[in-house]
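**Q**
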Amino acid sequence: MYFLLKYPEVSFALFISAYVLKGGINIGYFNLTVILLIITILGFLFPVLKGKKFEYHIKSPDLWFFLFMIILIAGILWSPDYIIGIKKTWRVFVLTFTSYFIARLFLNQIMQIKRFLSTLLISASLIGIILMIQSYLINFRGGRLQFFEVNPIPEASLLGMGVLIAIISVIENIFRNRWVKWLIIGIIPILFYGILLTGSRGPLVSTIIAIIFYLLIKLRERPKFVFTFSLLAAMLFLVIINFNILQEGVLNRFNPLNWIDSESSIERTSLYKSTWETVLKNPLTGAGTGAVYIAENIFFEILSNVGIIGLALFIMFLYSAGRKGCQYLTKIYPYQNISERGIGLMVLIITVALFIDKQASYELAGDKDLFTFIGIAINLSHVEKRIDI
Numbered sequence: 001m002y003f004l005l006k007y008p009e010v011s012f013a014l015f016i017s018a019y020v021l022k023g024g025i026n027i028g029y030f031n032l033t034v035i036l037l038i039i040t041i042l043g044f045l046f047p048v049l050k051g052k053k054f055e056y057h058i059k060s061p062d063l064w065f066f067l068f069m070i071i072l073i074a075g076i077l078w079s080p081d082y083i084i085g086i087k088k089t090w091r092v093f094v095l096t097f098t099s100y101f102i103a104r105l106f107l108n109q110i111m112q113i114k115r116f117l118s119t120l121l122i123s124a125s126l127i128g129i130i131l132m133i134q135s136y137l138i139n140f141r142g143g144r145l146q147f148f149e150v151n152p153i154p155e156a157s158l159l160g161m162g163v164l165i166a167i168i169s170v171i172e173n174i175f176r177n178r179w180v181k182w183l184i185i186g187i188i189p190i191l192f193y194g195i196l197l198t199g200s201r202g203p204l205v206s207t208i209i210a211i212i213f214y215l216l217i218k219l220r221e222r223p224k225f226v227f228t229f230s231l232l233a234a235m236l237f238l239v240i241i242n243f244n245i246l247q248e249g250v251l252n253r254f255n256p257l258n259w260i261d262s263e264s265s266i267e268r269t270s271l272y273k274s275t276w277e278t279v280l281k282n283p284l285t286g287a288g289t290g291a292v293y294i295a296e297n298i299f300f301e302i303l304s305n306v307g308i309i310g311l312a313l314f315i316m317f318l319y320s321a322g323r324k325g326c327q328y329l330t331k332i333y334p335y336q337n338i339s340e341r342g343i344g345l346m347v348l349i350i351t352v353a354l355f356i357d358k359q360a361s362y363e364l365a366g367d368k369d370l371f372t373f374i375g376i377a378i379n380l381s382h383v384e385k386r387i388d389i
């Protein structure tokens with residue numbers, strides 16, 4: 001407890017991955033997610049109350065997100081079931097809005113961000129190892145492997161974040177201890193395998209796209225390395241496919257020929273159609289907060305609940321946050337030291353991966369990881385660099 005209060009960025013990372021770590025199970029009133037959120041808030045507030053210097057400069061994304069929350073609250077008024085509307089708004093506020101502003105207010109030091117990312121990597125590695133052991137113990141033959149009662153999508157999202165943190169930290173030399181590096185290198189295939197075991201296509205595709213995006217950024221700096229890395233990755237993939245290294249049936253869900261007719265694809269298509277029908281009935285204001293609880297797409301969910309008005313505010317939030325990220329890449333990134341650049345690039349790449357991932361999975365209230373990384377990404381242009389990492 002003392003350690004988590006002393007390093008609230010660690011408890012914050014555990015809060016982000018709490019749903020997966022607890023196996024999707026709450027025991028009575030013991031809700032690990034809520035407990036870690038409280039510890040995180042107290043850990044960040046105690047030093048401020050004791051007189052630690054605290055600075056916060058409001059940015060345009062903060063204003064747009066605040067306005068979006070106002071329209072989401074207002075949407076309760078025309079919701080077909082205001083009780084459900086209140087529940088949805090409360091979940092979005094506690095899990096998403098709060099996560100974003102915790103990141104914006106407090107994650108503004110390089111060492112803090114590094115601890116936060118390291119904790120996510122450790123959490124993802126633990127889940128990946130457990131899934132791999134579980135798959136061999138039960139002689140897994142395809143489908144979706146779950147850690148207790150966890151939804152496979154956030155499970156795979158955590159593993160995807162772990163893959164990106166591991167790959168970029170090794171390439172950018174963020175962890176200077178060579179034994180730590182080799183340990184991370186060894187955990188990368190386990191994390192990838194974990195994603196395959198969950199059977200979640202969205203996180204796998206978004207992780208691969210994010211890796212390609214990262215390599216394109218590095219292409220100008222280290223073209224020979226990018227070529228070598230890409231060649232080795234392609235060869236490894238071909239070996240896995242052609243020699244059937246993975247357990248039988250694990251790759252079945254990832255065969256593009258099966259995607260159109262798969263059960264999950266049919267269900268998602270049906271959900272998109274019903275959501276779109278709801279949108280057409282009330283395009284300007286939506287059907288009200290909570291009218292469509294889960295749309296399996298972040299834009300569809302917002303459009304169906306609070307209409308074009310809410311979607312416009314959300315797009316402005318994303319646009320202004322994206323501008324901050326671009327400003328960091330063009331004006332600050334080139335002049336940082338190697339470690340700072342590595343961590344900054346890692347945050348941006350993971351943000352891109354999570355954003356892609358959320359286009360075909362889960363609900364707005366479950367997107368606290370995405371909004372946390374957006375908050376950190378906005379902070380990159382003014383992180384404190386006094387601590388040597």
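Numbering (our numbering), first residue to last: 1 to 389.
All residues carry an ideal CB built from backbone N, CA and C; glycine is no exception.
(1) Confirm, please, whether the CB-CB distance from R341 to E172 is below 9 Å.
(2) Can you grab the Cα-Cα spacing for the pair Y2 / I16, in whole Å?
(3) Any idea if W64 is buried or exposed, counting beta-carbon neighbours within 10 angstroms, 16 or more meaning buried?
(4) Answer yes or no: do V94 and I209 have a C-beta to C-beta separation smaller than 9 Å?
(5) What residue does the alpha helix (DSSP H) around W78 start on, and which one ends it?
(6) Please report how far the alpha carbon of L348 lies from the alpha carbon of A74, in whole angstroms.
(7) Would the region 325 to 335 count as touching the region 47 to 58 if we require 3 or more Cβ pairs under 8 Å?
(8) Do you know how far the Cα of I187 is from the Cα of I165?
(9) Less than 7 Å between C-beta atoms, sequence neighbours within five positions excluded: which residues of the same chain meet that for T89?
(10) Does the beta-carbon of W259 have 16 or more other beta-carbons within 10 angstroms, so that it is buried, or is it exposed?
(11) If I follow the unbroken alpha helix (DSSP H) through R115, where does it start and stop?
(12) Cutting at 8 Å between CB atoms, please list the residues of its own chain near I190, excluding the five before and the five after it.
(13) Measure the C-alpha to C-alpha separation of P61 and I376 and round it to an integer number of angstroms.
(14) Please identify the residue among S99, Y100, I70 whose C-alpha is closest to the C-alpha of I86.
(15) Using the Cα positions of Y193 and V48, report the straight-line distance between them to the nearest angstrom.
(16) Look up F140 in the DSSP assignment and say whether it is helix, strand or coil.
(17) Nearest to E9 by alpha carbon, out of A287, L197, Q109?
(18) Count the other CB atoms within 10 Å of the CB of K281; is the residue buried (16 or more) or exposed (fewer)?
(19) According to the neighbour-count rule (16 or more other Cβ atoms, all chains shown, within 10 Å of its Cβ), is L36 buried or exposed?
(20) Would the C-beta of I217 count as close to the ligand FMN, meaning under 8 Å from any of its heavy atoms?
(21) For the structure I just gave you, are there three or more beta carbon pairs, one from the region 353 to 360 and one from the region 196 to 212, closer than 8 Å?
(22) Ends of the alpha helix (DSSP H) at S200?
(23) Look at the Cβ atom of L204, then the Cβ atom of I217, and state whether they are nearer than 9 Å.
**A** Taking the geometry as given:
(1) The residue labelled residue 172 in the question sits at position 172 within the sequence shown. The residue labelled residue 341 in the question sits at position 341 within the sequence shown. Contact flag set, yes.
(2) Stepping through the sequence shown from its first residue, residue 2 is reached at position 2. Stepping through the sequence shown from its first residue, residue 16 is reached at position 16. One C-alpha to the other measures close to 19 Å.
(3) Reading the sequence shown from its first residue, position 64 is the one you call residue 64. Looking at its Cβ environment, which holds 16 or more other Cβ atoms inside 10 Å, W64 is buried.
(4) Within the sequence shown, the letter at position 94 stands for residue 94. Within the sequence shown, the letter at position 209 stands for residue 209. Going by C-beta atoms, V94 is not nearer than 9 Å to I209.
(5) As a working note, residue 78 is residue 78 in the sequence shown. Looking at the DSSP string, W78 is not in any alpha helix (DSSP H), and its letter there is neither H nor E.
(6) The residue you call residue 348 lines up with position 348 of the sequence shown. The residue you call residue 74 lines up with position 74 of the sequence shown. One C-alpha to the other measures close to 32 Å.
(7) no
(8) In the sequence shown, counting from the first residue as 1, residue 165 sits at position 165. In the sequence shown, counting from the first residue as 1, residue 187 sits at position 187. Looking at the two C-alpha atoms, the distance is approximately 11 Å.
(9) The sequence position of residue 89 within the sequence shown is 89, counting from 1. So the qualifying residues of the chain are L72, I73, I76, T289.
(10) For the purposes of this step, residue 259 is identified with residue 259 of the sequence shown, where counting begins at 1. Because W259 sits at a pLDDT of 45, beneath the cut-off of 50, its placement in the model cannot be relied upon, and the following sentence gives the value as read from the coordinates. By the 10 Å Cβ count, W259 comes out exposed.
(11) Sequence index remark: in the sequence shown, residue 115 carries index 115 (1-based). Segment 110 to 137, the alpha helix (DSSP H) holding R115.
(12) On the sequence shown, position 190 is the one that residue 190 refers to. S125, G128, I129, M132, listed in sequence order.
(13) In the sequence shown, the residue the question calls residue 61 occupies position 61. In the sequence shown, the residue the question calls residue 376 occupies position 376. About 12 Å.
(14) As a working note, residue 86 is residue 86 in the sequence shown. Residue I70 is the option with its Cα nearest to I86.
(15) Sequence index remark: in the sequence shown, residue 193 carries index 193 (1-based). Sequence index remark: in the sequence shown, residue 48 carries index 48 (1-based). The straight-line gap from Cα to Cα measures roughly 42 Å.
(16) The residue given as residue 140 occupies position 140 in the sequence shown. Coil.
(17) Counting from one through the sequence shown, the residue named residue 9 turns up at place 9. Out of A287, L197, Q109, Q109 has the C-alpha closest to the C-alpha of E9.
(18) Against the sequence shown, residue 281 aligns to sequence position 281. Exposed is the call here.
(19) Stepping through the sequence shown from its first residue, residue 36 is reached at position 36. Label assigned to L36: buried.
(20) Among the components of this structure there are no ligands whatsoever, and the ligand FMN is therefore not found.
(21) yes
(22) Within the sequence shown, residue 200 is the residue found at index 200, counting from 1. Taken as a continuous stretch (DSSP letters only), S200 belongs to no alpha helix (DSSP H), as it is neither H nor E.
(23) Numbered from 1 along the sequence shown, position 204 holds the residue referred to as residue 204. Numbered from 1 along the sequence shown, position 217 holds the residue referred to as residue 217. Cβ distance not < 9 Å, so L204 and I217 don't count as in contact.
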